[in-house]
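First the structure, in the form of structure tokens, and then the observations on it.
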DNA sequence: TGATGTGAAAGCGTTCACAGCG
DNA sequence: CGCTGTGAACGCTTTCACATCA
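Residue numbers (my numbering), protein chains in the order written: chain A, 7 to 219; chain B, 7 to 219.
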């Protein structure tokens, strides 16, 4: 049933399913069994079937799952059937790259505004979007109808800006700043991404790697 | 005991601990109880104590944990007490941003080479590092003693390049490409980061958000 | 007293295994 | 026959609760 709450691990895998299924669809694959899909993504077949059931998708015994139907269901669940208004806050190296990132703005996300503190970039455009001063944050977020914010500012500024965002209509923050943000208000979702941290995780994994066979 | 195997969830949190403890250290904090550290990062105090025990760190009853000692222990576990040689493969928007990303190259990681397919950028430099043609991959990876590779190429090229990397001495890949890579050889660690996927996850979380109080 | 360290219990998520269906 | 859907078993994490220690 599609009314369920989805578990965090399933939520994470759902994105991978969608990405892969879209690719399969482009290749003309119409139907796929859980075992094959699992092999591509590194999951067990049982895992895939559990996830599909949780996400409200049914397969056919003897045949597998229908790719097109899965893509549609997942897109709906992801809210990709509609367009999200997104603003980028902090136009440094990373913010700039995200603004121009291929595929970022092709799945139902539209960049409607950018912000920075640096006066030398305010007023200019980036990937066709105007850069505003951070002092106009609330005003422009409201005017543009921003629903999701990408936060890519230095550590020192992240928390205070997040607090300001939390008081607007924005319902989600994708946080690239090296600070742990807490949802200060109900209804504000936060996803943390710290590329330096991932790099460290890789180093950690290598150092603590199993003395494998 | 520092010889233990560390569980994945603990490994993930370890990076957050280090980041936060380094900040506390800069602020002159010498000692901190598990409850306070947990509150900052959004973990329970019990969680923090379990993790510390697993990572081989002891606190003092009535006082808490020593920040300096924790930082040092974690840095050793992360292999940050030494310098990792890193190459960036794919100098598009994202690769370029990572090459110049603050804090990325300040924690024991040194960028020693970059690669791209596009002839118009080959030979030029990015953040002081020369860009090589992708055909020289194996040669340059070896010459520079690259240990970790950052993969930021289009979906179609990721798998084949990863296979080539797997045959070298490189021991880890940080994969930003929108493809799931499988460790083809033992000893090769892979960490996946897909910013588009994280964006989708955020949208998903907002759509499926609890009808909170 | 204030906080650690840790058995024991609880909670989750994954895997197993197999009945059931196209 | 091939593959789904799922109860039950399993194993891994987290939380609880409290003896212990500076």
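Glycine included, each C-beta is placed from N, C-alpha and C at the ideal position.
For residue i, return the contacting residues in chain B, with the cut-off set at a CB-CB distance below 7 Å.
i, result
"residue 121/A", "Near residue 121/A there are no residues of chain B at all, since even the closest Cβ is about 17 Å away, more than 7 Å."
"residue 188/A", "48"
"residue 15/A", "In chain order: nothing, as chain B lies at least about 11 Å away."
Below 8 Å on the Cβ atoms is my contact criterion, and I expect residue i with residue j to pass it. Report the Cβ-Cβ distance as a whole number of Å.
i, j, result
"residue 121/B", "residue 138/B", "5 Å"
"residue 83/B", "residue 213/A", "7 Å"
"residue 155/A", "residue 171/A", "5 Å"
"residue 49/A", "residue 17/B", "That pair is no contact at about 20 Å."
"residue 103/A", "residue 99/B", "4 Å"
"residue 68/B", "residue 38/B", "That belief does not hold up - the Cβ atoms of residue 68/B and residue 38/B are roughly 13 Å apart, past 8 Å."
"residue 40/B", "residue 19/B", "Going by Cβ atoms, the distance from residue 40/B to residue 19/B rounds to 13 Å, so no, they are not a contact pair."
"residue 31/B", "residue 73/B", "5 Å"
"residue 194/B", "residue 195/A", "Residue 194/B to residue 195/A, Cβ: 34 Å. No contact."
"residue 168/B", "residue 147/B", "Not quite, the Cβ-Cβ distance comes to about 13 Å (not below 8 Å), so this is no contact."
Could you pull the start and end residues of the beta strand (DSSP E) that residue i belongs to?
i, result
"residue 154/B", "154-157"
Name the two residues that bound the continuous alpha helix (DSSP H) containing residue i.
i, result
"residue 92/A", "No alpha helix (DSSP H) holds residue 92/A; the beta strand (DSSP E) holding it covers 90-95."
"residue 195/B", "No alpha helix (DSSP H) holds residue 195/B; the beta strand (DSSP E) holding it covers 195-198."
"residue 47/A", "40-47"
"residue 82/A", "73-84"
"residue 64/B", "It is not in any alpha helix (DSSP H) - residue 64/B carries neither H nor E in the DSSP assignment."
"residue 189/B", "Neither: residue 189/B is in no alpha helix (DSSP H) and is coded neither H nor E."
"residue 202/B", "201-213"
"residue 99/A", "99-105"
"residue 109/B", "Taken as a continuous stretch (DSSP letters only), residue 109/B belongs to no alpha helix (DSSP H), as it is neither H nor E."
"residue 13/B", "Unbroken run through residue 13/B: none, as it is neither H nor E."
Cβ closer than 7 Å: which chain A residues qualify as neighbours of residue i?
i, result
"residue 19/B", "Those do not exist, as residue 19/B stays about 10 Å from chain A at its closest Cβ, beyond 7 Å."
"residue 12/B", "214"
"residue 205/B", "110, 115 and 180"
"residue 103/B", "99, 100, 102 and 103"
"residue 56/B", "Chain A residues near residue 56/B: none, gap ~17 Å exceeds 7 Å."
Answer yes or no: the CB of residue i versus the heavy atoms of the ligand NAP, is any distance below 7 Å?
i, result
"residue 205/A", "Although the ligand NAP was asked about, the structure shown includes no ligands whatsoever."
At a CB-CB cut-off below 8 Å, which residues of chain A make contact with residue i?
i, result
"residue 170/B", "Neighbours of residue 170/B on chain A: none; closest Cβ ~18 Å, over 8 Å."
"residue 22/B", "186 and 203"
"residue 86/B", "206 and 209"
Which chain B residues are close to residue i, counting only those with a beta carbon under 8 Å from its beta carbon?
i, result
"residue 211/A", "17, 178, 195 and 197"
"residue 138/A", "Chain B residues near residue 138/A: none, gap ~21 Å exceeds 8 Å."
"residue 83/A", "210, 213 and 214"
"residue 106/A", "99"
Residue i versus chain B: which residues are under 9 Å apart at the beta carbon?
i, result
"residue 154/A", "205, 208, 209 and 212"
"residue 32/A", "Near residue 32/A there are no residues of chain B at all, since even the closest Cβ is about 11 Å away, more than 9 Å."
"residue 69/A", "Per Cβ cutoff of 9 Å: no residues; residue 69/A is ~24 Å from chain B at best."
Task: Three CB pairs or more closer than 8 Å across the segment 112-126 of chain B and the segment 176-195 of chain B - done: Touching, no, given that fewer than three Cβ pairs across the two stretches are closer than 8 Å.
Task: Cβ pair count under 8 Å reaching 3, the segment 92-104 of chain B against the segment 68-79 of chain B - done: Output reads no: the segment 68-79 of chain B does not touch the segment 92-104 of chain B.
Open item on the list: I'd like the ranges of any alpha helix (DSSP H) spanning at least 4 consecutive residues and lying wholly in the segment 121-180 of chain B.
Closed with: The qualifying runs are 143-150 and 161-172.
Task: Segment contact flag, the segment 49-69 of chain A with the segment 9-17 of chain A, C-beta cutoff 8 Å, min 3 pairs - done: The segment 49-69 of chain A is in contact with the segment 9-17 of chain A.
- [ ] Decide yes or no for the touch test of the segment 162-169 of chain A against the segment 124-137 of chain A: beta carbon pairs closer than 8 Å, at least 3 of them.
- [x] Under the 8 Å Cβ criterion, the segment 162-169 of chain A does not count as touching the segment 124-137 of chain A, having fewer than three qualifying pairs.
Open item on the list: Does the contact criterion of 3 or more C-beta pairs under 8 Å hold for the segment 21-32 of chain B versus the segment 203-213 of chain A?
Closed with: Yes: the two stretches touch, three or more of their Cβ pairs being nearer than 8 Å.
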